[in-house]
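Chains as they are written, first to last, in our numbering: chain A, 1 to 375; chain B, 1001 to 1380.
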């Protein structure tokens, strides 16, 4: 396929992998923050190509994986209210709450519909003026602008029966929280790609400045990721720590002004937002500003808003921080599988555990890990 | 594809859990139970089989194969072609596709071809079909005529006759426009024993053409995405193609070299290959760059966040055959219009048993597992 296959060439990949190997024998841990990168790494078997001293740590950048149980319960609560059409991206359908999922709620009679864009949800609202149509806003700065634009549109057209259950989150506070975490040992970051198309690369300056770690904003094709790892390792070998942009074909330094303006107009930061496995992170969540409160499903439906602790067996937090590998979790692949997920990392194909379970069980990395004694 | 895949302790532990027969504990049906993936397998094995178990059903093939004849002294038999014993294939399938008309076909064509193909995959010559219609109050007669005429054309092409049927009309909202069920019988005239459990180490995996055409066509035809492509459903009768393969194997005196034929419909090629790997206790290793996918389908899947390996096909077959006849069969298949892009996409290995592995075009290896739930598009 044109403009895609160019980024998936196996011969270039092995050359690049050789170059990475020649740079250093030093063991290095590199985290890809974004779930999209995790998916690519496993789908193409990139870890098989990397030299053994380079270890990829799969970070918290999958929005489906970090939505806490209580918020899923709230979403199901709204979906079960009479006269409600609840709309969501497909990924969120299977995410387990404390008891059920949206998919179960749908089977029990709730009107839950999968949409590809919040604008589709707005269309449904206009077609069904006698129903309340709620959109589950989920994701980082990648998807948040489309929620914001839709709310602006609904505001302009005075669509009174549309609202958003906002779970949008922002990457920078999460990245800071990770870097501040005492048990974290990382040498560099594969920076988010899609998020950076919106927020630009400037906002990552604190990573090398305050923490001395290189970060390379990266595209989602397999060659993008290999090149990015090369760039990170090169920085480390040369004693540099900088923000570099591998994804320059899409991302610029200042981001997308229109999208940022829409975000700022509609949303404001919450004091705290809970991340599954990571706990509460200050200013990491977005909520609707008072001006748009008519479109805030949280106010419209007085959701229970209970905090629910993660299941005890679940080690998602350690896995999201890269402290533990998916297969080091006691329930990985036995009690916790993609069809019966206990932890959120097993739900979305971008979660480290699901990606590893689905694609990676036979990789060299697994062989390496199993050379060490199993717990 | 020379890389040796060795099972690790971790792998064994997960595999043990993966094979464990789970009690069916769901309390209600969700859409995942119908998607052709693992949830549906659990429903069938954990519930249907528990209640309706018998030696024929237990095989869980796409069709039942049994012998019928006059030897038991009764008056039953198969009329003109009755021999002392005839091997008969019998199958059924229901069609609920939405939309009912789509590029490349409609629900009627699908209903004929689907059942013809399920029969053909046992090596049978499909003969007679039944058709049951469940119609929604208010359904347009014009549309019904259109569907019936394409059923007539499809039956003619496949050389089968619809010889019995049933009609029910239900209140508006009880079904969506029209649902069709077809059942079919056919006779197996060649000495072949095709089964998902017959794959052998060293066998080659043949695919009759491109993957993902039907599923992507339907996704796009739903119109939710406002995409426009030239892609069409691949719905087609495969009985003539199977007959060509049987003839070729027969002329080589190698009926025994044909081990398994399956049409990868719901759940796609990935699910079909997993079923074969599990029931034959072998590893199937495919090579990504050998798997043909049309550019349009590739593009649509890329946008929809789908993997062509998991997308439904309605006119393709996967054959597991001895390595020594594989090239010959492929050459013969390519002479048939429905096998013109046939190719070998992989081979059967011993270890790790029950697993489908893929050499990625990028140079890595990954597992191609059975579909879990519906293949839902990713959001970012």
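Where is the CB? At the ideal position from N, CA and C, for every residue including glycine.
Keep in mind the model is a prediction, meaning the values are calculated, not measured.
If you draw a straight line from the C-alpha of residue 1059/B to the C-alpha of residue 1196/B, how long is it? As a first step, residue 1059/B is located in the second chain; it is residue number 59 there, counting from the start. As a first step, residue 1196/B is located in the second chain; it is residue number 196 there, counting from the start. Straight-line Cα distance between these residues: approximately 9 Å.
Can you name the start and end residues of the beta strand (DSSP E) that residue 1092/B belongs to? Taking the first residue of the second chain as 1, we reach residue 1092/B at position 92. Element bounds for residue 1092/B: 1085-1095.
Determine whether the Cβ of residue 1285/B lies closer than 8 Å to any Cβ atom of chain A. Translated into positions along the second chain, residue 1285/B becomes position 285. So no, residue 1285/B is outside the interface.
Would residue 48/A be called buried (16 or more neighbouring beta carbons within 10 Å of its own) or exposed? For the purposes of this step, residue 48/A is identified with residue 48 of the first chain, where counting begins at 1. Buried, by the Cβ-count rule.
For residue 61/A and residue 1311/B, I'd like the C-alpha separation in whole angstroms. What you label residue 61/A is simply residue 61 of the first chain in a count that begins at 1. What you label residue 1311/B is simply residue 311 of the second chain in a count that begins at 1. Taking the straight line joining both Cα atoms gives about 27 Å.
So, using beta-carbon positions, are residue 1321/B and residue 1273/B closer together than 8 Å? As a first step, residue 1321/B must be located in the second chain, where it is residue number 321. As a first step, residue 1273/B must be located in the second chain, where it is residue number 273. Their beta carbons are not under 8 Å apart, which means residue 1321/B does not touch residue 1273/B by this criterion.
Taking CB distances under 8 Å as the criterion, tell me whether residue 21/A reaches chain B. As a working note, residue 21/A is residue 21 in the first chain. Output row for residue 21/A: interface = no.
Comparing alpha-carbon positions, which option in 172/A, 84/A, 125/A lies nearest residue 155/A? As a working note, residue 155/A is residue 155 in the first chain. Comparing Cα-Cα distances from residue 155/A to each of 172/A, 84/A, 125/A, the minimum goes to 125/A.
Selection from 108/A, 181/A, 305/A, 158/A that minimises the alpha carbon distance to residue 277/A: The residue given as residue 277/A occupies position 277 in the first chain. With distances taken between Cα atoms, residue 277/A lies closest to 181/A.
Excluding the five sequence neighbours on either side, which residues of its own chain have a C-beta within less than 7 Å of the C-beta of residue 248/A, listed in chain order? The count along the first chain starts at 1 and reaches residue 248/A at position 248. So no residue of the chain qualifies.
Bridge partners of residue 287/A, per DSSP? Your numbering for residue 287/A matches position 287 in the first chain. Residue 287/A pairs with 268/A.
Start-end ranges of the alpha helix (DSSP H) lying completely within the region 1212-1290 of chain B, minimum 4 residues: 1213-1221, 1239-1251, 1268-1280
Within 7 Å of chain A by C-beta, residues of the region 1010-1030 of chain B in sequence order: For the region 1010-1030 of chain B, residues whose beta-carbon sits nearer than 7 Å to a beta-carbon of chain A comprise 1010, 1011, 1013, 1014, 1017, 1028, 1029, 1030.
Along the chain, where does the alpha helix (DSSP H) containing residue 1057/B start, and where does it finish? Here residue 1057/B refers to the residue found at position 57 when the second chain is read from its first residue. Looking at the DSSP string, the run of the alpha helix (DSSP H) that includes residue 1057/B is 1055-1058.
Own chain, CB closer than 6 Å to residue 1076/B, minus 5 neighbours either side, in chain order: Within the second chain, numbered from 1, the residue matching residue 1076/B stands at position 76. Since pLDDT at residue 1076/B reaches only 49, below the 50 mark, its modelled position is unreliable, and the value read off the structure follows with that caveat. Result list for residue 1076/B: empty, nothing under 6 Å.
Can you tell me whether residue 1073/B is helix, strand or coil according to DSSP? Start at 1 with the first residue of the second chain, and residue 1073/B comes out as number 73. Residue confidence is low: residue 1073/B scores 46 on pLDDT, short of 50, so the model does not pin down where it sits. Its coordinate-derived value is still stated next. It is coil, neither helix nor strand.
Could you pull out every residue in the same chain whose Cβ sits closer than 7 Å to the Cβ of residue 122/A, ignoring the five residues on either side in sequence? In the first chain, residue 122/A corresponds to position 122, counting from 1. Within the same chain, residue 122/A has close Cβ partners 150, 153, 154, 159, 162.
Is it the case that the Cβ atoms of residue 266/A and residue 78/A are separated by a distance below 8 Å? Here residue 266/A corresponds to residue number 266 of the first chain, with the count starting at 1. Here residue 78/A corresponds to residue number 78 of the first chain, with the count starting at 1. Going by C-beta atoms, residue 266/A is not nearer than 8 Å to residue 78/A.
So is residue 296/A in contact with chain B if we call contact Cβ pairs under 8 Å? By 1-based counting over the first chain, the position of residue 296/A is 296. Closer than 8 Å: no.
Determine, for residue 1369/B, whether the minimum Cβ-Cβ distance to residues of chain A falls below 8 Å. Taking the first residue of the second chain as 1, we reach residue 1369/B at position 369. Judged by the 8 Å Cβ criterion, residue 1369/B is in contact with chain A.
Does DSSP classify residue 124/A as helix, strand or coil? Counting from 1 along the first chain, the entry for residue 124/A is found at position 124. It is helical.
Confirm, please, whether the CB-CB distance from residue 58/A to residue 352/A is below 8 Å. What you label residue 352/A is simply residue 352 of the first chain in a count that begins at 1. What you label residue 58/A is simply residue 58 of the first chain in a count that begins at 1. Going by C-beta atoms, residue 352/A is nearer than 8 Å to residue 58/A.
4-residue-minimum alpha helix (DSSP H) runs that sit fully inside the region 1089-1153 of chain B, ordered along the chain: 1107-1120
Could you tell me the boundaries of the beta strand (DSSP E) in which residue 88/A lies? Counting from 1 along the first chain, the entry for residue 88/A is found at position 88. Counting along the chain, the unbroken beta strand (DSSP E) around residue 88/A starts and ends at 84-88.
Quick one: grab the DSSP three-state call for residue 129/A. Looking up residue 129/A in the first chain gives position 129. DSSP places residue 129/A in coil when its eight states are reduced to three.
Can you pull the chain B residues whose beta carbon is under 7 Å from the beta carbon of residue 359/A, in chain order? On the first chain, position 359 is the one that residue 359/A refers to. Here the neighbours are 1366, 1367.
Name the DSSP bridge partner or partners of residue 1204/B? What you label residue 1204/B is simply residue 204 of the second chain in a count that begins at 1. Paired residue(s): 1321/B, 1347/B.
For residue 1362/B: DSSP bridge partner residues: Within the second chain, the letter at position 362 stands for residue 1362/B. Paired residues: none, contrary to the question.
Would you say residue 1384/B faces chain A, with C-beta separation under 8 Å as the test? Because residue 1384/B is not part of the residues shown, which for chain B are 1001 to 1380, the question remains open.
Would you verify that the beta carbon of residue 104/A is, or is not, closer than 8 Å to some beta carbon of chain B? The residue you call residue 104/A lines up with position 104 of the first chain. True, the Cβ-Cβ gap to chain B drops below 8 Å.
Looking at residue 230/A: is its Cβ nearer than 8 Å to the Cβ of residue 193/A? In the first chain, residue 230/A corresponds to position 230, counting from 1. In the first chain, residue 193/A corresponds to position 193, counting from 1. Result no, Cβ atoms of residue 230/A and residue 193/A do not sit closer than 8 Å.
Hey, how far is the Cα of residue 1147/B from the Cα of residue 1109/B? Here residue 1147/B refers to the residue found at position 147 when the second chain is read from its first residue. Here residue 1109/B refers to the residue found at position 109 when the second chain is read from its first residue. So the two alpha carbons sit approximately 7 Å from each other.
Please report whether the beta-carbon of residue 1039/B lies at a distance below 8 Å from any beta-carbon of chain E. Checking the listed chains, one finds no chain E in this structure; the protein chains it contains are A and B.
In three-state terms, what does DSSP make of residue 339/A? As a first step, residue 339/A must be located in the first chain, where it is residue number 339. Note: residue 339/A maps to coil in three-state DSSP.
Please list the partners that residue 48/A has in chain B, where partner means a Cβ-to-Cβ separation under 8 Å. As a working mapping, residue 48/A is identified with position 48 in the first chain. Around residue 48/A, the beta-carbon contacts reaching into chain B at under 8 Å are 1363, 1364, 1365.
Would you mind telling me which residues of chain A sit closer than 7 Å to residue 1360/B, beta carbon to beta carbon, in chain order? The residue labelled residue 1360/B in the question sits at position 360 within the second chain. Those are 44, 45, listed as they occur along chain A.
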